[in-house]
Each structure stands twice: as C-alpha cells, then as structure tokens.
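Structure first, then comments.
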Amino acid sequence: MLEKIKETASYLQSKMHTSPETAIILGTGLGSLVNEITEKYEIPYEEIPNFPVSTVEGHSGKLIFGKLGQKDIMAMQGRFHYYEGYSMQEVTFPVRVMKELGIQTLFVSNASGGTNPEFEIGDLMIITDHINHFPEHPLRGKNLYGDRFPDMSEAYSKELINQAMEIAAENGINVRQGVYIGTQGPTFETPAEYKMFRILGGDAVGMSTVPEVIVANHARIRVFGISVITDLGVEGKIVEVSHEEVQQAANVAQPKMTTIMRELINRS
C-alpha cells in the first residue's frame, strides 16, 4: 500500500506547479466551490496511477489545483464511497496521498440527513464530532502513519470550528453544530434507523466523511467538516427522498457553504 501511495504522490508531483498545504473534498452537489478557484489545472482520476474512479452521479472525478484567494489548494471533485464496492483502504487512499504531498489541513463537506428535530432542509451543520458506524475500519491492517492507536478526542479542529462560526456570523449565515454519523449506505435510513441514530447522539447521518477524517487525523492532518442537511429523518417530517432531490437541496445551500469555506481557508 505504501509503495502505491508514494507512486501516486510522485506522479502528481510531476504534474504540479503549486505547493498546496490545504485540501478540500467536495461532496454531493457541493462542487461549485471550484468556480472560485483561480489559476487552476486539473487531473482526471482515471489518469492518476492507483486512484479509484468515482461512479456516483454528481461526483465529477478529478483533482483540481490552483488558488482560492491567496492560498494554494488542491480539491477532490468527487469522492469514493464504501457502498460503491471499494475497500476502506481505497476510499481513504487519496487522503494518504495528501499526506505525502504535504497537506496540513483538510476541509470536507457532505450532504446528510438531519436527525435533530430543530434542523430544516438546507441548513448547514458544522461537524463537531462523529460516530463511526461503518462495518470496516479504515485503519485496519498494517500501520502506515502515526500511532497504532491514534487519539480522536479532537477529530475536528476546535480552532477552525470557532473561526467558521465567526465567519458565519459576519456574513449573516445561520449555521448549526452537531455530531455526524457515518454509515455504509447506499440505502437512505428507515424511520426506525433515524430514531436510533438520534438516540445514539447523532444530529445528522450520511454515507461518507468519517473514514477520510479518521485517516486524516491518523496522518496528523487537521480537519474541518461541514454538512448540508438535504433531507430530514425526524418523526413527522420523513418523506420519500431521491438522490436527485438531495443534489437539488445541496445546490441551494452552496453559496452559503462556499462563503464559509472560502473565508475559512484564507484565514487558516
């Protein structure tokens, strides 16, 4: 695995003419942030050695390099999911490559279902913590970076959370804070499952992010995460939902998320 990581990083370094220390993983319907990137150049996933290829509608499948404001950044437009049939090692492979490329800070976004009864569709939730509900752990196997038993007491940077809250207040953006539960998917949750996740302490539930955040913490990359609430798993508010509707709800929330991410990246 380590040889493949280094091979991929070496290939990317041969194509890069910037030196990003900040990376962004853009989830379902949240790809418009790339329109803010200047001086950009792109590498499709299929051209990158050892990289999986995204199969999900709404995930473009390319690495984008350039500047966001004054910061050199790299962005994954399209991520990989356990439900697509990838192993956790494949799902998190790009984060390990980021470590080799010198990434210090990772920003992640996703679309999720709200289990907190105070949430509404279109809300932004800054992730303060998570619950790992995946059947396979991303660190299972040979230890590649950091501690064998990494600390997860601050999986999401409190400093970045505080800065994001300040940015939201300055721009009149209403944001929530809460715990994200990561599940394997690809089914949306049943009403009973939503209820269980709320009892467990979750405010939102989705099918990504947690494996990437675990590996980033293991690699000593600090993390900021944000969810767009695209459907509700609250008793009395649960309705049939499609992937297309999730994308539409995420698209509506994009300008607010983009403002927070852009300002936070430039201040961090």
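Using the working numbering, the letters of the sequence shown map in sequence onto residues -18 to 249. Using N, Cα and C, we set each Cβ at its ideal position, and we do this for glycine too. Since the model is a prediction, treat every value here as computed from it, not as a measurement.
### Three-state class that DSSP yields for Val215 in the structure shown
Val215: coil per DSSP, three-state reduction.
### Query
Are the segment 198 to 206 and the segment 146 to 155 in contact at 8 Å, needing three or more beta carbon pairs?
Contact annotation: the segment 198 to 206 does not touch the segment 146 to 155, with fewer than three C-beta pairs closer than 8 Å.
### Message
By alpha-carbon positions, which one of Leu44, Gly159, Ser90, Thr(-1) ends up nearest to Asn232?
### Response
Minimum Cα-Cα distance from Asn232 among the listed residues Leu44, Gly159, Ser90, Thr(-1) corresponds to Ser90.
### Query
Ser208 bridges to which residues according to DSSP?
Bridge partners of Ser208: Asn91, Met106.
### Query
Between Lys(-4) and the rest of its own chain, which residues show a CB-CB distance below 7 Å, the 5 nearest in sequence each way excluded?
Once the five neighbours on either side are set aside, the close Cβ partners of Lys(-4) are Ile24.
### Message
Considering only the alpha carbon of each residue, which of Ile5, Ser189, Leu49 lies closest to Ala92?
### Response
The residue with the shortest Cα to Cα distance from Ala92 is Ser189.
### Query
Helix, strand or coil: how does DSSP classify Ser(-9) here?
In this structure, DSSP gives Ser(-9) a helical state, which the three-state scheme calls helix.
### Query
If you compare alpha carbons, which of Asn113, Arg179, Gly94 is closest to Phe169?
Nearest option by C-alpha distance: Gly94.
### Message
On the criterion of 16 or more Cβ atoms from any shown chain inside 10 Å, does Gln(-6) qualify as buried, or is it exposed?
### Response
So Gln(-6) counts as exposed.
### Message
Please report the distance separating the alpha-carbon of Thr239 from that of Ser13.
### Response
Spanning the two alpha carbons is a distance of roughly 8 Å.
### Own chain residues within Cβ distance below 6 Å of Gly166, not counting five before or after
Cβ within range, chain order: Tyr64, Met188.
#### Entry: N- and C-terminal bounds of the beta strand (DSSP E) containing Phe270
The structure shown has nothing for residue 270, since the chain only spans -18 to 249.
### Query
What are the boundary residues of the alpha helix (DSSP H) that includes Val72?
Start and end: 69 to 72.
### Message
Am I right that Ile45 and Lys21 are in contact with their C-beta atoms under 8 Å? What's the rounded C-beta distance?
### Response
6 Å between Cβ atoms; contact.
### Task
Could you check the C-alpha separation between Gly260 and Ala173 for me, to the nearest Å?
A query on residue 260 cannot be resolved here, the shown segment of the chain reaching from -18 to 249 and no further.
### Task
Report yes if the CB atom of Ile162 is closer than 8 Å to the CB atom of Val186, and no otherwise.
Yes, these two residues count as a Cβ contact at 8 Å.
### Residue range of the alpha helix (DSSP H) that includes Lys21
According to the DSSP assignment, Lys21 belongs to no alpha helix (DSSP H) but to the beta strand (DSSP E) extending over 19 to 25.
### Query
Quick one, are the C-beta atoms of Glu193 and Val76 less than 8 Å apart?
Yes, the pair counts as a contact, with Cβ atoms nearer than the cut-off.
### Message
Can you look up Lys139 in the DSSP assignment and give me helix, strand or coil?
### Response
Helix, per DSSP.
### Query
Name the DSSP bridge partner or partners of Ile6?
Partner(s): Met57, Val89.
### Message
Check for me: the alpha helix (DSSP H) holding Glu34 runs from which residue to which?
### Response
Reading the sequence as shown, one finds Val at residue 34 and not Glu. Here Val34 belongs to no alpha helix (DSSP H), and DSSP marks it neither H nor E.
### Message
Using 8 Å for Cβ pairs, my map puts Met57 next to Ile6. What's the rounded Cβ distance?
### Response
That pair is a contact at about 5 Å.
### Query
Should Phe74 go down as buried or exposed, given a rule of 16 or more other Cβ atoms within 10 Å for buried?
With 16 or more Cβ atoms within 10 Å of its Cβ, Phe74 is classed as buried.
### Query
Which residues in the same chain have their Cβ closer than 8 Å to the Cβ of Gly182, if we skip the five residues on either side of it in sequence?
Contacts found: Ile112, Val160.
### C-alpha gap between Phe131 and Gly214, whole angstroms
Reading off the sequence, residue 131 comes out as Pro, not Phe. Taken atom to atom, the span from the alpha-carbon of Pro131 to that of Gly214 is near 32 Å.
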